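Numbering (the numbering used here), first residue to last: 227 to 594.
Beta carbons: idealized from backbone N, C-alpha and C, even for Gly.
Computed from a predicted model, the values in this text were never measured in an experiment.
Below you'll find the structure, written out as structure tokens, and then a few comments.
If you want it as structure tokens, here you go:
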């Protein structure tokens, strides 16, 4: 990460902080209650001696117990709002963007835990939330999810429970549309096609759509291929930005037969064109790579040695990215904002307001 660029970006964010921007966003369509835990390697919850430091250490223990039985105690660290759309909406709201989040937050009554979302967020709930037990490690997390009603949440249900006119009004007022967690939302294709048919033709073309598919490991190549074709249809109508981690990027490249067709820069640009996207953003463990019509740009990241919380880091990255693009920052500056927002979240276990993000970036500069 370029120290000079970070210093210049701090000044730009300070200017943005002093402005009262009338920007808004909408995000959907998942919703979980996250139970954040650490697996105990030795001792018990009353006298913890050590946790599993990384996933490979935990995996080795599990592998050694093959063919027998074992018990692992989890220390519950917190319960919080979960799901890609709610965490994104909360983070974007904390940055000052009024955000409507449509998804599974309790139906017919909203679950109390979702009252913790940013005061800049409005919730429209159409289903009961799933639950997710997140096992936290220093190098990542393992998420054990139970989807519940999310498995049957389709476009017809959303329209029936939220109202088509209401959805059109929300989308019409929003400059940014976030479509998230395709992988864990079985009816996501139906929902996204519904937006293409019933929403976009009625809300104008001055929109930006931000996609994040989430971990595609449970989906086959044909499913991923069909989803990517839907994403391309969006890109032919409005400006789109597709955000992916390394696993998601590889899954997309493989589904389209691009992986191995050339160097990284060539593969990313082919993918961008195939998806009709304005931007493709790859956020990896050690760097972020952005593809646009202007070429490929690679950015280092500010890595947190001892993470406090990793569940939701990608959603905070996307919130920082969306905030930067909505605020008129260049793609480079928006990506750095995204990366630093995620780093703040991992270090502090919460999403920053702008003043906290600026202070964090200033404190990081000597170590960049």
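Integer Cβ distance of residue i from residue j, believed to fall under 8 Å
i	j	result
residue 313	residue 541	4 Å
residue 440	residue 501	Not a contact, Cβ separation roughly 16 Å.
residue 327	residue 311	5 Å
residue 484	residue 476	Actually they do not touch by this definition, with Cβ atoms about 10 Å apart.
residue 564	residue 554	Contact flag wrong, Cβ pair sits at about 15 Å.
residue 308	residue 330	Between residue 330 and residue 308 the Cβ distance is about 10 Å, and since that is not below 8 Å, they are no contact.
residue 547	residue 518	That belief does not hold up - the Cβ atoms of residue 547 and residue 518 are roughly 13 Å apart, past 8 Å.
Check whether residue i and residue j have beta carbons under 8 Å apart
i	j	result
residue 251	residue 404	yes
residue 469	residue 507	yes
residue 562	residue 232	yes
residue 366	residue 281	yes
residue 535	residue 571	yes
residue 498	residue 513	no
residue 515	residue 494	yes
residue 406	residue 253	yes
residue 505	residue 467	yes
residue 363	residue 279	yes
residue 256	residue 375	no
residue 580	residue 370	no
residue 530	residue 229	no
residue 456	residue 481	no
residue 306	residue 349	no
Reference residue i, options the options, closest by Cα
i	options	result
residue 372	386, 338, 259	259
residue 399	325, 453, 568	325
residue 511	267, 288, 474	474
residue 300	359, 484, 430, 567	359
residue 583	242, 437, 355	242
residue 297	270, 303, 513	270
residue 427	442, 401, 394, 453	394
residue 520	454, 491, 532, 380	491
residue 454	423, 424, 419, 431	419
residue 391	379, 421, 557	421
residue 578	316, 424, 384	316
residue 424	478, 286, 382	382
residue 429	463, 446, 442	463
residue 388	380, 351, 368	351
residue 277	294, 289, 409, 302	302
residue 304	450, 361, 452, 509	361
residue 447	236, 547, 478, 465	478
residue 401	518, 262, 432	432
residue 503	437, 575, 290	437
residue 334	408, 509, 384, 465	384
residue 573	532, 289, 552, 585	532
residue 465	552, 443, 444, 284	552
residue 379	234, 272, 332	332
residue 543	522, 272, 509	509
residue 368	236, 443, 291	443
CB contact below 8 Å: residue i versus chain B
i	result
residue 444	Absent from the structure: chain B. Only one protein chain is present.
Please list the segments of the beta strand (DSSP E) lying wholly inside the stretch 270 to 312, counting only runs of 3 or more residues, in order along the chain. Secondary structure in the stretch 270 to 312: the beta strand (DSSP E) runs of 3 residues or longer, each lying completely within the stretch, are 300 to 308 in chain order.
Practice item. Scan the stretch 487 to 564 and note each continuous alpha helix (DSSP H) run of 4 residues or more that stays entirely inside, going in chain order. Key: The qualifying runs are 490 to 500, 539 to 552.
Evaluate contact between the stretch 315 to 322 and the stretch 343 to 362, counting only Cβ atoms and requiring at least three cross-stretch pairs below 8 Å. Yes, they touch.
Count the C-beta pairs between the stretch 578 to 594 and the stretch 332 to 340 that are closer than 8 Å, then say yes if the count reaches three, no if not.
These segments do not touch.
Count the C-beta pairs between the stretch 408 to 415 and the stretch 264 to 280 that are closer than 8 Å, then say yes if the count reaches three, no if not. Fewer than three beta-carbon pairs drawn from the stretch 408 to 415 and the stretch 264 to 280 are found closer than 8 Å, and the two stretches are therefore not classed as touching.
Beta strand (DSSP E) runs contained entirely in the stretch 327 to 411, provided each spans 3 or more residues: Counting only unbroken stretches of 3 or more residues, the beta strand (DSSP E) elements lying wholly within the stretch 327 to 411 are 347 to 353, 356 to 363, 366 to 372, 402 to 406, in sequence order.
Which full runs of the beta strand (DSSP E) of 3+ residues lie inside the stretch 408 to 492, going along the chain?
Taken in chain order, the complete beta strand (DSSP E) segments of 3 residues or longer contained in the stretch 408 to 492 are 434 to 438, 465 to 471.
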